[in-house]
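*Asks:* Got a structure here, written out as structure tokens. Questions coming.
Spelled out as structure tokens, the structure:
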């Protein structure tokens, strides 16, 4: 009886843990019906789990806007040829992605062209 209760408690605990993880990867926080495109300047590349983040500045109407963009996991980008030095502070980029629904300056990146104008692979395919 005790073993059955322990197993039931473990299954319930896994359900609580897995639901937020599934929701996190669903992309529900981003407006998939809209795509924004910017030319910007990289301020930082955070090549770490769970998602690689690109921080960049955009000049709009003479003012600097601070943005960040989400990419996939670093191991997936590494298989596509990325390193921690693929983008560096000061690099000029063109970036397109779906905006955060809350209005924050956050994108889920869909396309990214590096300083040479060539599109960077966002997956190993």
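Numbering (the numbering used here), first residue to last: 667 to 791. The C-beta atom is built at its ideal place from N, Cα and C for all residues, glycine as well. Remember, predicted model here, so these are calculated numbers, not experimental data.
(1) Can you round the beta-carbon distance between residue 740 and residue 718 to whole angstroms, since I take them to be within the 8 Å contact cut?
(2) In three-state terms, what does DSSP make of residue 729?
(3) In angstroms with no decimal places, state the Cα-to-Cα distance between residue 785 and residue 738.
(4) Using only alpha-carbon positions, find the residue among 790, 693 and 706 that is nearest to residue 796.
(5) I think residue 759 touches residue 779, with their Cβ atoms under 8 Å apart; what is that distance to the nearest whole Å?
(6) Between 715, 698 and 731, which lies nearest to residue 705 when the distance is taken from Cα to Cα?
*Replies:* Quick look at the numbers:
(1) Indexing the chain shown from 1 puts residue 740 at position 74. Indexing the chain shown from 1 puts residue 718 at position 52. Indeed, because the Cβ distance is near 5 Å, the residues count as touching under 8 Å.
(2) Translated into the one-based positions of the chain shown, residue 729 becomes position 63. Strand at residue 729.
(3) Working through the chain shown from its first residue, we reach residue 785 at position 119. Working through the chain shown from its first residue, we reach residue 738 at position 72. Whole-angstrom Cα-Cα distance: 16 Å.
(4) What the structure shows of the chain is the stretch from 667 to 791, and residue 796 is not part of that stretch, so it cannot be assessed.
(5) Counted from its first residue, the chain shown places residue 759 at position 93. Counted from its first residue, the chain shown places residue 779 at position 113. 6 Å between Cβ atoms; contact.
(6) Taking the chain shown and counting its residues from 1, one reaches residue 705 at position 39. Of 715, 698 and 731, the residue nearest in Cα terms is 731.
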